[in-house]
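Using the working numbering, the first residue of the sequence shown is number 764, and each one after it goes up by one. For every residue, glycine included, the Cβ atom is placed at its ideal position computed from N, Cα and C.
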Amino acid sequence: MRDAFRGRRQAEREASSGGRIGEILVKRGRLSEEQLRAALEAKSNDPQRMGEILLSLGFVSEEDLARAVAEAAGLEYVALTEDLVDPTAIPLLSEKALRKYAALPLRVEGGRLVLAMSDPTNVLALDDLKTLAGHPLRPVVALKEDIKKLQDRMFGINEEISEFMETSGDGSSRRGNEGSTLSVSRVDEGRPVIRLVNSIIRRALDEGASDIHIEPRTKELVIRYRVDGVLKRGMSAPLRLKDSVISRFKIMGDLDISEKRIPQDGRFTVETGDVGRPVDVRVASLPSVRGEKVVLRLLTHEMAMMGLEELGLPQEALRFYRSVFNRPYGAVVVTGPTGSGKSTTLYTTLGELNNVERNIVTVEDPVEYRIEGITQIQIHPAAGLTFASGLKHILRGDPDVVMVGEIRDRETAELFVEAALTGHMVLVTLHTNDAAGALPRLTNMGIDPFLTTSAIGCVVAQRLARRLCEECKEPVRVSEAVLRNVGFPFDLWQDKEMAFHKPAGCEKCRGSGYSGRIGVYELMAVTEEVETLALSRSSADEIGRAATRAGMVRMRADGLTKAARGLTSIEEILRTTV
């Protein structure tokens, strides 16, 4: 009796929604009246649902249909991404039921389970899933293909974790730092831990992450990914897996797994399965009160192959920058915090300088990208090879261009200034907040400001802002009052119209609204006024104001003009610049 009642409900719902879906698609311009009539005629002789008929006839796309289904049912349509999934909601329903009904739990909200479904009009599925979950349901509509992809990923990881836990026993005897090398080795020789670790790396590569954080928490092991400069939670695993997973990463990076009291650094290379391109992975272990944390930095060679125009330097600044680094001698200083793209800027510059007529040598820690035709030296402090000693030896080897990965001490600073003044083009990085801060920073290191101002041709400061996804960004109007409040550089704006956009979110950008990053820059030339202020040991603020009067465009101003061209958003520029 109950099944018959549910069947009648289902039939009534299908009949009412079928015509409504067609009307919505016609209204949206996704379906013609002739196509709708043809689909209705086909449905009269076919038990399939209207949506299935429209797809089989090729009249609409799956996304158009899903959006129409959502509107017809009065539900929300979501561009499904992993960011929307709370891992704690997955176990509320079995894999078998979720795959049967093409559904995926997203989160529990207000006592209701938010459930992504490809067909929320299926009354039978809703009744069954509600009973199995033990929660009232709030269905939302998503593409069937997206649901299946996330199911494969979520359940694949769960299978690896489950198999690993079965293989490694109950783990009751392993707590804190008591896991011995022998027991870890036994686990590492099995396949489950290797597959689990490989799945963590594969997911990072699939999402375009730059870093992976493996962090022990109070009750779980959390994996987070940095995508386009922003950390987001990836997956979690039982805390008992901590020692084996972290030891596996340390073994891959050639670190000492028995040493858990001090930080360690290492690296390894992986090949991606799709195109076989190598990815260098830097591994850093950090001791913490909850156990070791491991951070992996993923370095792909494609980043070093960019052209200067792709970096995002304003045209006028780019012309001046080129004129400086193409001089026979002098220095270019690139500043910014860790992860601001300094290495990419310098490698791209080296790529333009690299030819048979120049001897180019670098000293780095580490060598992030290997470039054919350039001699690259990795420092090794334990063996006595530091930035300073490496630079000394480089200068004896007849270089034309020298790159120093980082100025960390007075000796290295003195050597780079001396090299720039004696017939070499020197490219260096420095950690300062802005371009104007570079000169006082070198002065504080004990370098005579007369020497630094004579050697340095320009200072480039930079940050990386997320680029708006071209597939889903939406136009937005911004009032003049708001623009004035955020400091928009009206005096620099040359284009006729502003084209501000905001992030929306789609499958391509995994719902974030952003895809990739763009550089935000300020370039300071060492003018007479800047030199005078540096010689008098003036503050970075005073030097910055003088450079601005001479034509330097501040980073925030550069970023806001990029937002006005629709490349990024105002919110992103406010987040990344001061």
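Margin query: Buried or exposed, going by whether 16 or more other CB atoms sit within 10 Å of the CB of I1025?
Written below: Exposed: under 16 other Cβ atoms inside 10 Å.
Next item on the list: With DSSP as the reference, please indicate the residues paired to K995 in a beta bridge.
Entry: Per DSSP, Y988.
Checklist line | Rounded separation between L1323 and M1261 - CA only | finding: L1323 and M1261: Cα-Cα distance of roughly 11 Å.
Margin query: Suppose only complete runs of 3+ residues qualify. What are the beta strand (DSSP E) ranges in the region 1270-1308, listed by chain order?
Written below: Listed in chain order, the complete beta strand (DSSP E) runs (minimum 3 residues) inside the region 1270-1308 are 1277-1288.
Next item on the list: Name the two residues that bound the continuous alpha helix (DSSP H) containing Q1344.
Entry: Residue 1344 cannot be examined here, being either before or after the span of the chain that is shown, 764 to 1341.
Next item on the list: Could you round the C-beta distance between L843 and A802 to whole angstroms and report it? I think they count as a contact, below 8 Å.
Entry: With 8 Å as the limit, L843 and A802 do not qualify as a contact, their Cβ atoms being about 26 Å apart.
Margin query: Quick check: what's the CA-CA separation for E1072 versus K1005?
Written below: Roughly 44 Å separates the two Cα atoms.
Note to self: Could you tell me which whole beta strand (DSSP E) segments of length 3 or greater appear in the region 1107-1147?
What the structure shows: The region 1107-1147 contains these whole beta strand (DSSP E) runs: 1123-1127 and 1138-1141.
Next item on the list: For my contact list, K1236 and G1274 are in at a C-beta cut-off of 8 Å; report their separation, rounded to the angstrom.
Entry: Not really, about 13 Å apart at Cβ, beyond 8 Å.
Item checked: Span separating the alpha-carbon of V1165 from that of L1296 -> Here the C-alpha atom of V1165 lies approximately 28 Å from the C-alpha atom of L1296.
Next item on the list: Identify every residue that forms a DSSP beta bridge with H976.
Entry: The secondary-structure analysis by DSSP pairs H976 across a beta bridge with R987 and V1058.
Item checked: Local conformation of E786 per DSSP, three classes -> Helix at E786.
Notebook entry, point to check: Taking Cβ positions, are V1180 and L1214 nearer each other than 8 Å?
Noted result: Result yes, Cβ atoms of V1180 and L1214 sit closer than 8 Å.
Margin query: Starting from T1032, trace the alpha helix (DSSP H) in both directions and tell me its first and last residue.
Written below: Going by DSSP, T1032 is part of no alpha helix (DSSP H) but of the beta strand (DSSP E) stretching over Q1027 to E1034.
Next item on the list: Use the C-beta contact count for T1185: other C-beta atoms within 10 angstroms, 16 or more gives buried, fewer gives exposed.
Entry: Residue environment for T1185: exposed (fewer than 16 other C-beta atoms within 10 angstroms of its C-beta).
Next item on the list: Say whether the region 1309-1317 touches the region 1332-1339, bearing in mind that this needs 3 or more beta-carbon pairs closer than 8 Å, one atom from each stretch.
Entry: Not touching, per the Cβ criterion.
Next item on the list: Check each candidate in R1159, W1256, D974 and R1204 and name the one with the smallest Cα separation from V1058.
Entry: With respect to the C-alpha of V1058, the residue from R1159, W1256, D974 and R1204 having the closest C-alpha is D974.
Next item on the list: Along the alpha helix (DSSP H) that carries P1212, what are the first and last residues, could you check?
Entry: Unbroken alpha helix (DSSP H) run through P1212: P1212 to A1218.
Check: CB R1229 to CB T1098, shorter than 8 Å?
Finding: At a Cβ-Cβ threshold of 8 Å, R1229 and T1098 do not count as neighbours.
Item checked: Between the CA atoms of D991 and V1341 - distance to the nearest angstrom -> Computed Cα separation, rounded: 19 Å.
Item checked: Euclidean distance between Cα positions of L1346 and K1056 -> The displayed coordinates of the chain run from 764 to 1341. Any statement about residue 1346 would go beyond what the structure contains.
Check: Taking the alpha helix (DSSP H) that R1319 falls in, what are its first and last residues?
Finding: First-last of the alpha helix (DSSP H) with R1319: M1318 to A1327.
Checklist line | Inter-stretch contact at 8 Å, needing at least 3 Cβ pairs: the region 1110-1127 / the region 1195-1208 | finding: Cβ pair count under 8 Å is below three, so no.
Next item on the list: Please classify Q1078: is it buried, with 16 or more other beta-carbons within 10 angstroms of its beta-carbon, or exposed?
Entry: Under this definition Q1078 is an exposed residue.
Notebook entry, point to check: What does DSSP give as the partner residues of V1097 in its beta bridges?
Noted result: Looking at the DSSP assignment, V1097 forms a beta bridge with T1192 and V1223.
Margin query: In this structure, how does DSSP classify P883 when only helix, strand and coil are distinguished?
Written below: In this structure, P883 counts as coil in the three-state DSSP scheme.
Check: M1208 by DSSP, collapsed to three states: which one?
Finding: Residue state, collapsed to three classes: coil.
Margin query: What does the alpha-carbon distance come out to for the pair E1135 and D909?
Written below: Rounded to the nearest whole angstrom, the C-alpha separation of E1135 and D909 is 41 Å.
Notebook entry, point to check: In this structure, does DSSP put S943 in helix, strand or coil?
Noted result: With a pLDDT of 30 at S943, under the threshold of 50, the predicted position of this residue should be treated as unreliable, though the coordinate-derived value follows. Collapsing the DSSP output to three states places S943 in coil.
Check: Hey, would you say I957 sits closer than 8 Å to R901, going by beta carbons?
Finding: At the C-beta level, I957 and R901 stay beyond 8 Å of one another.
Note to self: Taking only three categories from DSSP, how would you classify A1047?
What the structure shows: Strand at A1047.
Checklist line | Span of the alpha helix (DSSP H) around M1166 | finding: Segment V1164 to V1167 is the beta strand (DSSP E) holding M1166; no alpha helix (DSSP H) there.
Next item on the list: Taking all protein chains shown into account, decide if V1189 is buried (16 or more other Cβ within 10 angstroms of its Cβ) or exposed.
Entry: Burial call: buried.
Check: Just how far apart, CA to CA, sit L1193 and L817?
Finding: Rounded to whole angstroms, the separation of the alpha carbons of L817 and L1193 is 60 Å.
Check: Does any CB atom of chain C fall closer than 8 Å to the CB of D890?
Finding: The structure shown contains no chain C, having only a single protein chain.
Notebook entry, point to check: Distance, Cα to Cα, R949 vs M1069?
Noted result: The predicted position of R949 is uncertain, since its pLDDT is 36 and thus under 50; no value can be drawn from it.
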